[in-house]
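Heads up, the sequence shown is in the working numbering, so the first residue is 6 and it goes up one at a time.
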Amino acid sequence: MATVERWLGNPLTRMLLRWIHSDCSECGNRLESALDRFTGRASQPLCISCRVASGLIAFTLRQSGKIFGVDEGDLREGLSDPYLRRGLSNVLAGIARYGITRPQRVNAPFLVVWDVTHRCNLRCLHCYQDAQKTLPDELTTEEAREVLDDLADAGVAAVAFSGGEPLMRRDMPELITYAKKKGFFVSLASNGTLIDDPVAGDLASRGLDYIEVSLDGMDAAHHDRFRGVSGAFDRSLRGIRACVKAGLDTCIATTVTRDTLDQVPGIHRLGGTLGVSRMMCFNFIPTGRGTTMADRDITPEQREDLLRWILATDRRGEGPLVLSTAPQFARVALEDEAPGGIPVGHFYYGGEIEGKTAALAEFIGGCGAGRIYCSIEPTGDVQPCVFLPITVGNLRTASFEQIWHTSEVLEHLRSRDTLKGHCGECQYHLICGGCRARAWAYYRDLDAPDPGCIRNHDAWEALVGEPMGSALSRSSCRLSTKSIMDSRYREYPQ
Numbered sequence: 006m007a008t009v010e011r012w013l014g015n016p017l018t019r020m021l022l023r024w025i026h027s028d029c030s031e032c033g034n035r036l037e038s039a040l041d042r043f044t045g046r047a048s049q050p051l052c053i054s055c056r057v058a059s060g061l062i063a064f065t066l067r068q069s070g071k072i073f074g075v076d077e078g079d080l081r082e083g084l085s086d087p088y089l090r091r092g093l094s095n096v097l098a099g100i101a102r103y104g105i106t107r108p109q110r111v112n113a114p115f116l117v118v119w120d121v122t123h124r125c126n127l128r129c130l131h132c133y134q135d136a137q138k139t140l141p142d143e144l145t146t147e148e149a150r151e152v153l154d155d156l157a158d159a160g161v162a163a164v165a166f167s168g169g170e171p172l173m174r175r176d177m178p179e180l181i182t183y184a185k186k187k188g189f190f191v192s193l194a195s196n197g198t199l200i201d202d203p204v205a206g207d208l209a210s211r212g213l214d215y216i217e218v219s220l221d222g223m224d225a226a227h228h229d230r231f232r233g234v235s236g237a238f239d240r241s242l243r244g245i246r247a248c249v250k251a252g253l254d255t256c257i258a259t260t261v262t263r264d265t266l267d268q269v270p271g272i273h274r275l276g277g278t279l280g281v282s283r284m285m286c287f288n289f290i291p292t293g294r295g296t297t298m299a300d301r302d303i304t305p306e307q308r309e310d311l312l313r314w315i316l317a318t319d320r321r322g323e324g325p326l327v328l329s330t331a332p333q334f335a336r337v338a339l340e341d342e343a344p345g346g347i348p349v350g351h352f353y354y355g356g357e358i359e360g361k362t363a364a365l366a367e368f369i370g371g372c373g374a375g376r377i378y379c380s381i382e383p384t385g386d387v388q389p390c391v392f393l394p395i396t397v398g399n400l401r402t403a404s405f406e407q408i409w410h411t412s413e414v415l416e417h418l419r420s421r422d423t424l425k426g427h428c429g430e431c432q433y434h435l436i437c438g439g440c441r442a443r444a445w446a447y448y449r450d451l452d453a454p455d456p457g458c459i460r461n462h463d464a465w466e467a468l469v470g471e472p473m474g475s476a477l478s479r480s481s482c483r484l485s486t487k488s489i490m491d492s493r494y495r496e497y498p499q
């Protein structure tokens, strides 16, 4: 590991990476040409300078593969995937710009979740947006296409359309088609109630890569109460079945609260009968409408038991793969000595990377808010996370690249040096770091300890000593970057 760090982190290599990431007048982008040559897809001879660039990239990839236990053949095959290639390009460009950091800073996020509308046909108790009606100033179709152009220019690898209910936008199919044209891995998060066989078939024909349908109960009684509309369960199941039938990579998503915790095994079994490939257990964040049910958050002990259940279930290999957005997942896996590695970047890719994953996780793992992931609101506001309602810029007035590289809030989130409580002293702070959205929701402090972790149990006990609803009512407030700088976050560089 140290060899790769010395090689990639020294000033000369960083200068070379900046050169490799640039365009050649004869061969086009040098990095793309190098990756084509490494994967055996090169269709034309390269000039001398691009052959040199290809040799440097090949050496770096081979050395990294040896250190992390990745077979060169598997590496070549993986880098044939255009989304992984774009992700690698972002990492190398990030090293060129920032050097080797822990966690690693990237040149553009791997994933952007875009809440394209506030309009929704359900009334979910936990909605982080408090979605109901279309906002008066939501981005138009033309503006949305311009945002996709902007994200592609910045180097973003994947875009996830969400809401509200994204399918309530009439132009959603058009935006999916355009996003695929721009080379993104495209996913959709939906409540499933508007999906039938024709809709699912159309989504598949437009190249949608992945769809995630919410399911918060193993039966109608539980799901419909959580979702606020009678009949939602049956329509969601119809949508899931249609997606599976259309050949879409389909995931079910459950927000875990005290009301849904005991339903999780049953929902997993139901997912297996429906034929879905994954189940995502979302960390409940008391923000938006969810502040009204903050007292339904699970305890640190319950979260720990849930994560260990997920590991055991995945280890058995029975039914859909189960994942969690809780950053503690990697720490639990390391402590449990899970065979075959630990979950790294599970929120985005849903899998494990074999080999020396503990070292790799220090660069990739943990809370990705504002670091390898961010979100966009229906009006073009950029946030570190859909659950972290801090506006760091607006795409109507600034480019995504400008916001990503100049926001002081995002810069602060990319370091683990200022974390408080046990999050700051934990040996796993680089592969976990605690959920920064939970820290903000509970304390209005990005550096605060995550009270959902069992290692911060004293913080949890201090919180439950006061009425949870009143303690968290402030979480529904949406602050701008400027208001943060003017009040609580004066320690940020001005």
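Ideal Cβ placement from N, Cα and C applies to all residues, glycine included.
Check: Extent of the continuous alpha helix (DSSP H) run through Val-249; Outcome: 237–250
Check: Own chain, CB closer than 8 Å to Pro-178, minus 5 neighbours either side, in chain order; Outcome: Asp-207, Leu-208 and Arg-211
Check: Pro-50 burial status per 10 Å Cβ neighbour count (16 or more: buried); Outcome: exposed
Check: Ile-303 and Val-261 closer than 8 Å at C-beta; Outcome: yes
Check: Spatial neighbours of Ala-157 in its chain, beta-carbon cut-off 8 Å, leaving aside the 5 residues before and after; Outcome: Lys-187, Gly-188 and Phe-189
Check: Bridge-paired residues (DSSP) for Val-218; Outcome: Ser-195 and Ile-257
Check: Own chain partners of Phe-231 with C-beta closer than 7 Å, once the 5 adjacent residues on each side are dropped; Outcome: Cys-129, Leu-130, Asp-221, Gly-222, Asp-264 and Thr-265
Check: 8 Å contact criterion, which Gly-116 and Ala-165 should meet: CB distance rounded; Outcome: The question names Gly, but residue 116 is Leu in the sequence shown. Yes, they are in contact, since the Cβ atoms of Leu-116 and Ala-165 sit about 6 Å apart, within 8 Å.
Check: Completely contained beta strand (DSSP E) runs for the region 91–164, where each covers 3 or more residues; Outcome: 116–120
Check: Closer than 7 Å: Leu-127 CB and nearest the ligand GTP heavy atom; Outcome: What this structure holds is no ligand at all, so the ligand GTP is not there to describe.
Check: Residue from Trp-465, Pro-16, Leu-66 and Phe-392 whose Cα sits closest to the Cα of Thr-330; Outcome: Phe-392
Check: Rounded distance between the beta-carbons of Cys-437 and Gly-370, thought under 8 Å; Outcome: 7 Å
Check: Endpoints, the beta strand (DSSP E) within which Val-327 is located; Outcome: 326–329
Check: Ordered list of alpha helix (DSSP H) runs contained in the region 15–101, each at least 4 residues; Outcome: 16–25, 35–43, 53–73 and 77–83
Check: Cβ neighbours of Val-96 in the same chain (closer than 7 Å, five flanking residues each side left out); Outcome: Gln-109 and Val-111
Check: Spatial neighbours of Asp-28 in its chain, beta-carbon cut-off 6 Å, leaving aside the 5 residues before and after; Outcome: Asn-34
Check: Between the CA atoms of His-26 and Arg-81 - distance to the nearest angstrom; Outcome: 19 Å
Check: Whole-angstrom distance between Val-57 and Leu-22, CA atom to CA atom; Outcome: 12 Å
Check: Sub-8 Å separation of Cys-458 and Gln-333 beta-carbons; Outcome: yes
Check: Residues of its chain near Glu-217, where Cβ-Cβ distance is below 6 Å and the 5 sequence neighbours each way are ignored; Outcome: Ala-194, Cys-256 and Ala-258
Check: Arg-102 versus Val-249: straight-line alpha-carbon distance, rounded; Outcome: 42 Å
Check: Pairwise C-alpha distance: Phe-64 and Arg-19; Outcome: 15 Å
Check: Cys-5 - DSSP class collapsed to helix/strand/coil; Outcome: Summary: the structure shown does not reach residue 5, with the chain confined to residues 6 through 499, and so no result is reported for it.
Check: Spatially closest choice to His-410 from Arg-124, Phe-238, Gly-160 and Pro-87, by CA coordinates; Outcome: Gly-160
Check: Where Arg-308 sits in the DSSP three-state scheme; Outcome: helix
Check: Bridge partner(s) assigned by DSSP for Phe-231; Outcome: According to DSSP, which records beta bridges pairwise, Phe-231 is partnered with nothing at all.
Check: Among Ala-464, Ala-136 and Lys-185, the one whose alpha carbon lies nearest that of Pro-87; Outcome: Lys-185
Check: Touching by the beta-carbon criterion (3+ pairs, under 8 Å), the region 318–328 and the region 273–290; Outcome: yes
Check: Alpha-carbon spacing of Leu-17 relative to Trp-24, whole angstroms; Outcome: 11 Å
Check: Outcome for Asp-319 when other beta-carbon atoms lying within 10 angstroms are tallied against a minimum of 16; Outcome: buried
Check: Pick from Leu-180, Ile-245 and Gly-92 that is closest to Arg-283, judged by C-alpha positions; Outcome: Ile-245
Check: Same chain only: Cβ atoms within 8 Å of Leu-93, ignoring 5 sequence neighbours per side; Outcome: Leu-40 and Leu-84
Check: Cβ contact check for the region 138–158 and the region 412–420: 3 or more pairs under 8 Å; Outcome: no
Check: Contacts around Leu-477, its chain only, beta-carbon distance under 6 Å, and the 5 residues preceding and following it disregarded; Outcome: Per-residue confidence for Leu-477 stands at a pLDDT of 47, beneath the threshold of 50, marking its modelled position as unreliable; no derived number is given.
Check: Glu-147 classed as buried or exposed, judged by whether at least 16 other C-beta atoms fall within 10 angstroms; Outcome: exposed
Check: Neighbour-count burial assignment, Gly-99, 16 or more Cβ in a 10 Å radius; Outcome: buried
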